[in-house]
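Asks: With my numbering, you'll find the sequence shown wraps up at 159, consecutive numbering, no jumps.
One structure, as structure tokens, below. Some questions next.
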Amino acid sequence: MPHKLFIVAGMHRSGTSLIARMLEVCGIRLPGELVGPAEDNQKGFFEDRAIVKINDELLRVLGVRWDSMDGFFLDKASFSHPKFNHLKRKAKDLLVERVALDTDWAFKDPRISRLTGFWLPLIEKAEIPYKFVITVRNPAEVAGSLQARNDIDPLKSQ
2 MPHKLFIVAG MHRSGTSLIA RMLEVCGIRL PGELVGPAED NQKGFFEDRA
52 IVKINDELLR VLGVRWDSMD GFFLDKASFS HPKFNHLKRK AKDLLVERVA
102 LDTDWAFKDP RISRLTGFWL PLIEKAEIPY KFVITVRNPA EVAGSLQARN
152 DIDPLKSQ
């Protein structure tokens, strides 16, 4: 039976790091070089640096930030322009590398919630079985956490 990919998705500050760590404790591998702890997330982010780098580049090419409302709904067609081809190749190579680990594995990056239109076609084309693990936290708590960490107006983050 093929090994599964677990995609942890959710808003920043909604518990995605906690869920990724719980998956790891349950034996799901978090491969790659992980983003380490920081003052605002002292136990670590549990994010694969290579995936974060691709996601940051996708947002840059799109001309949006992680906290921008512009381009909020990004579907598969949003990534059909040839300017995304080099990132598709990078992502495909990374997925092939991770599948070769021959184990259940996961990745987590809150940006994935906006970028499924990029990742899902690649995952499905590679025939990687996957499941989403979606975090949900009270929006007022998320907004308060984002205000404390990033000084984002709670009206924007809710």
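Where is the CB? At the ideal position from N, CA and C, for every residue including glycine.
These numbers were taken from a predicted model, which means no experiment stands behind them.
Apply the 10 Å Cβ neighbour rule to Ala21 and answer buried if 16 or more other Cβ atoms are within range, or exposed otherwise.
Replies: Buried.
Asks: Among Leu60, Asp41, Arg99, which residue has its Cα nearest to the Cα of Asp49?
Replies: Comparing Cα-Cα distances from Asp49 to each of Leu60, Asp41, Arg99, the minimum goes to Arg99.
Asks: Mapping the DSSP letters down to three states, classify Asp29 as helix, strand or coil.
Replies: The question names Asp, but residue 29 in the sequence shown is Ile. Coil at Ile29, not helix or strand.
Asks: For Arg112, collect the residues of the same chain with a Cβ closer than 6 Å to its Cβ; drop the 5 residues on either side in sequence, then sort them by chain order.
Replies: Result list for Arg112: Asn56, Trp67, in chain order.
Asks: Which residues does DSSP pair with Val9 in a beta bridge?
Replies: BP columns for Val9 point to Lys109, Val134.
Asks: Among Ala107, Leu59, Lys5, Gly33, which one has its Cα closest to the Cα of His82?
Replies: Ranking the options by Cα distance to His82, first place goes to Leu59.
Asks: Taking the alpha helix (DSSP H) that Arg14 belongs to, which residues open and close that run?
Replies: Note, Arg14: premise wrong, no alpha helix (DSSP H); not H, not E.
Asks: Please state whether DSSP places Leu75 in a helix, a strand or coil.
Replies: Residue state, collapsed to three classes: coil.
Asks: Given this structure, state the Cα-to-Cα distance separating Gly118 from Ser79, to the nearest angstrom.
Replies: Their backbone Cα atoms lie some 7 Å apart in a straight line.
Asks: So Pro105 and Lys5 are supposed to be a Cβ contact under 8 Å. How far apart are they, rounded?
Replies: The sequence given here has Asp at residue 105, not Pro. Contact holds; Cβ gap of about 5 Å.
Asks: Are Ile129 and Gly11 touching if we call contact CB-CB under 8 Å?
Replies: Not in contact: Ile129 and Gly11 (Cβ atoms no closer than 8 Å).
Asks: Could you name the residues that DSSP lists as bridge partners for Ala39?
Replies: Note: Ala39 sits in a beta bridge opposite Asn42.
Asks: So which of Pro32, Glu25, Lys91 has the shortest CA-CA distance to Ala101?
Replies: For Ala101, the nearest C-alpha among the options comes from Pro32.
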